[in-house]
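Protein chains in written order, with the working numbering: chain P, 292 to 719; chain B, 292 to 719.
Quick notes on the structure that follows.
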Ligand SMILES: [K+]
Ligand SMILES: [K+]
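The following block contains the structure:
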C-alpha cells in the first residue's frame, strides 16, 4: 500500500505539473523547475513557493493549484483517518482491510459513508470559512474578494498556507477577525476529522470512542500553542514595536502557523531572531495531529517519546502517558518516524550546503524543516535556491508527506496481522 | 545510582575547579568561569577550552588537568563496562548488582579483578602511547617532549582531546607516525575495554563472549570511518591544497577525531565548509561505542535505530539487525537517548541563540553538538562566548556525559528486575 500511496501522490503532482506548465496557466513564463515545485508544494500542502503565485499564474492556474491543494489535503485526511480507524479495533464495522481498499476506491457501504462524512465536514468548514473571509476581505476593500476568500479558506483548512497576497497575510497582522478565521480553519484541519467526531459525540452525550487519543491531542496542542505564544511574545525583538494586543496576536498566530503546519505569516520571518527561528523549527518538527491535514512528526508521537524519556529516567518498567500504558509497538513507530526525520534532515542539509553554499546555515535548516513538515514558512530564500536545491526541497516535501504517512500505514498494516486487543489506543 | 553518579562527577569537577583556581596552577590570572569550564571539560573528557591550556596554566595546573582527565575517562570506562557486563547475562560471575556496588568501590573479588584489568589495560595503552609519542616528539624537536608525550597519550586514550599545543595537532598534519599513534590510542579508548577482551579471546581461540555487540561495534565504526573519510576527502575545499596522501590522512584523522569523540584536529575547523561541518556534527552525535571512554549516542544505539527504521519500512513484525532480533526494551533505551539528545540540543540552541546572538547559527550548533558528545571540536568561538553561554556549554558537557550514561545504567538496572534470558545481547 505504501508504494501505491506514493504512486498516487506522485501522479497528482505530475498531472499538476503538466497543467501548470500550460501557457494558459501562466501570466508570465515560469521555468519548468518552478512549475514542478509549485505542483509538488500544492499537492503536499506545503505552501513553499519559488515564484509569486499571484504574479505568475493566471486565474486558471490558480484554480488548478486550488484543486491540487484540495486533493492533497483531503486525500491525506482521508487516508490518515483510515489508518487511525483501522488500528482502532472497537469501532466494529470499520475493518482493517478497508485501509487497503481505500486506495482503490472501494464500494463497501461503510467506507462510502465514512468518505462522505469527511468530505461533507471539509466542505462545510471551508464554506463557512470562505463566507467569513469574504465578508471581511470585502469590507477591507480587497479586490476580487470572493475568489480570495475561497482560495484562502481552502488553503487554510488543508494547512497548505498558499496565499495570493504578496506577503502572505502580513497586511492583516492587526485584523482580529481574519486572524481568528484563519486560525480556526487551520486548527480544525490540523487537529483532524476524528477528534471533531469525538468532540461531537462527547457533546451529544454519547461515549467518547477515541477519548484517549483526543485527550492527548487537545492537551499537547494547547501546551504547544501556549508555550510558543509566550516565548514569541517575550523574546522576539521584531514584535516589540507592536502594541501589546497586536503583539500577543502576532505571537499566537505565528505559533499556530508553525504548529498546525499551515505556514501563513502575519509578520516577516526574515526579520526574526535566530532564537525564535529555533522555536519555530521545533514546532514545525513536532507538527500537527494524526488524521488531520497537517504534517510533521505528530503531537501524539511526541507525547509517546516524552513518556518514554520520563519512564526511562524514572527507571519504570513500562512507558506510561496520561496514566495509560503505551505499547512498545507504537513507541517503535514514533521512534521510526523520529529517526527517519532526523536522518532525512541531516542528509538534506548536507546536500543543500553543497548545492547552495551561499545561503546561511539557519536559513537552509529552516527551509528543510519547513519542507519536511509541509509547513511552508520560509526566511525568503526559496526563490533564490539553485535548481538542484529546489529539487532537494521537492524531494523533502514529498518525503515529509508520504514518508511520515507511510509509517502510519505501516502501523495500521502491522496491526492487521494481530488478533488480540490492544490495551491502549494512542494513535501515532 | 544515577544521582550518585551525577554527584560523583560533579564533586570531581568541583575539586578540580578549586585546584585549578589556586594561584599555583596559573601562569596568568584566569577568570573563575574559565577555570570551572576547564575543570568540567577535563572531567567530562570533552576538551573544549575557553583559554589556551598551555598559555594559562602552570605545570602543576597541567598535572591537575591530567588527573581530572584520567579520573573522568577511567571512571566512565569502568562504569560503562559494568553497565555492559551487567546486561550480559552469560558472563556468569559478574552479577548485575555489581553495577551498583561499583559506585561504592566494593570488595567482591570479581569486581576488584575486573577493575584491576581495566586499569592495567588503560595504563599499558597509555604507557606504550606515551613512549611512541615521546620518541616522535623528541625527534621533531618539541621542547619538554616527555611531558608532552604523557599528556597527549592520556588525553587521546581518554578521548579528551586536550592539547598543550596552541593549534591542537595542526603542526603535525603531515606526520604519519603521530597521526597513527593518536588515532590508535583514540580508537582503543573509544571502542572500549570489552571489545578488546572479546578480540583477545577470539585471537586466543576461546569463545567470543560478546560476539554480537563486538561485531556491531566493529562494523559500524568501520562504516563511519570509511564513509566520513571519503566525504571529507572529496568535498572539503580546505583539503584540496594538500598532496593526495596528506589529504587522505587529514580526512581520515578528522573523521576519526569526530567519530571517537576525541576532538583533536590537524586542520583548522574554522576554515571548513558548512557541508563538512554538517558531516562532522552527524559523526559527533552518533559518537563512539559503549563501555569505552568516548561520548555520543553510541554506535550500537544508532545501529538499533537503523534496524528499526528498516523493519518499519519493510513492515516486519520484529526489529532485526545483523540477523538478530533486537528487543523492544533496548530499542526504547536507544530511543530515549535520541529523544533526550534532541530535546537537550534544541533547548540549548534556543538559549545559546539568546545569550550569544552575535555568533552564527552553525558555529553555536557545532559547539553544542560537540559539548553534548564530549568531543571538543570547535569552530573557535568557545573563548568568545558570554559567561551565560559558557555556563550553558558547561551544563551540556556534564549532561552529555552523565545523562547518556544514566540511560545506560537505567538499562542495566532495568534488566536486574527480570529473571528470564534475553535472546539478544546488543548493548546500547
Ligand atoms: K503548509
Ligand atoms: K573529547
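Glycine included, C-beta positions come from ideal geometry on N, C-alpha and C.
Keep in mind that this is a model prediction, so the values were computed, not measured.
Contact the segment 507-523 of chain P vs the segment 435-449 of chain P: 3+ CB pairs below 8 Å
no
Comparing C-alpha positions only, which one of 436/B, 462/B and 479/B sits nearest to residue 417/B?
479/B
Please report the distance separating the alpha-carbon of residue 543/P from that of residue 583/B.
47 Å
Please state the DSSP three-state secondary structure of residue 351/B.
helix
Taking 6 Å as the cut-off, is the CB of residue 517/P close to at least one heavy atom of ligand 2?
no
Looking at ligand 2, does it come within less than 6 Å of residue 342/B, judged from the CB to the closest heavy atom?
no
For residue 395/P, collect the residues of the same chain with a Cβ closer than 6 Å to its Cβ; drop the 5 residues on either side in sequence, then sort them by chain order.
Confidence is the limiting factor: at residue 395/P the pLDDT is only 35, short of 50, which leaves the residue's position unreliable, though a coordinate-based value still follows. Around residue 395/P: no qualifying Cβ.
Under 8 Å (Cβ pairs) to chain B, residues found in the segment 646-675 of chain P
648, 651, 652, 653 and 656
Ordered list of alpha helix (DSSP H) runs contained in the segment 526-567 of chain P, each at least 4 residues:
535-550
Expressed to the nearest angstrom, what Euclidean distance is found between the alpha-carbon atoms of residue 408/B and residue 637/P?
40 Å
Could you tell me which chain B residues have their CB closer than 7 Å to the CB of residue 641/P, listed as they occur along the chain?
566, 569 and 570
At a cut-off of 6 Å, would you count residue 689/B as near ligand 2, judging by its Cβ distance to the nearest heavy atom?
no
Determine, using beta carbons only, whether residue 631/P comes closer than 7 Å to chain B.
yes
Interface residues of chain B around residue 623/P at Cβ under 9 Å?
599, 602, 603, 610, 619, 622, 623 and 626
Under the criterion of a Cβ to heavy atom distance below 6 Å, does residue 334/B qualify as lining ligand 2?
no
With distances taken Cα to Cα, identify the nearest neighbour of residue 581/P among 444/P, 482/P, 549/P and 352/P.
482/P
Delimiting residues of the alpha helix (DSSP H) encompassing residue 435/B
Run containing residue 435/B: none; DSSP gives neither H nor E here.
Cut-off 8 Å between Cβ atoms - residues of its own chain near residue 453/B, not counting five sequence neighbours on either side
332, 333, 338, 340, 344, 356, 360, 442, 446 and 667
Anything with a beta carbon under 6 Å from a heavy atom of ligand 2 counts; list them all in chain order.
336/B, 337/B, 338/B, 450/B, 451/B, 452/B, 552/B, 553/B, 554/B, 665/B, 666/B and 667/B
Below 9 Å between beta carbons is the criterion; list the residues of the segment 504-530 of chain B that meet it against any residue of chain P, in chain order.
522 and 526
Could you tell me the distance, in whole angstroms, from the CA atom of residue 574/B to the CA atom of residue 567/B?
11 Å
Answer with yes or no whether the minimum CB distance from residue 309/P to chain B is below 7 Å.
no
Indicate the three-state DSSP secondary structure (helix, strand or coil) for residue 317/P in the structure shown.
strand
Sort 677/P, 623/P and 620/P by Cα distance to residue 648/P and report the nearest one.
677/P
Can you check whether the C-beta of residue 562/B is within less than 7 Å of a C-beta belonging to chain P?
no
Shorter than 7 Å from the beta carbon of residue 426/P to some beta carbon of chain B?
no
Taking only beta carbons into account, state which residues of the segment 570-592 of chain P come closer than 7 Å to chain B, listed in chain order.
570 and 573
Taking residue 317/P as the reference, give the member of 298/P, 306/P, 330/P and 351/P with the closest Cα.
351/P
Verify the CB distance criterion: does residue 384/P have a CB-CB separation below 7 Å to chain B?
Low per-residue confidence applies at residue 384/P: pLDDT is 43, beneath 50, and the placement is therefore not dependable enough to give any value.
Sub-7 Å separation of residue 552/P and residue 586/P beta-carbons:
yes
Chain P contact residues for residue 363/B, given Cβ-Cβ distances below 8 Å:
Simply none; closest approach about 22 Å.
Tell me whether residue 460/P sits in a helix, a strand or coil according to DSSP, three-state version.
coil
Looking only at its own chain, which residues have a Cβ that is under 8 Å from the Cβ of residue 311/B, when we skip the five neighbours before and after it?
317, 321, 326, 329, 330, 348, 352, 355 and 356
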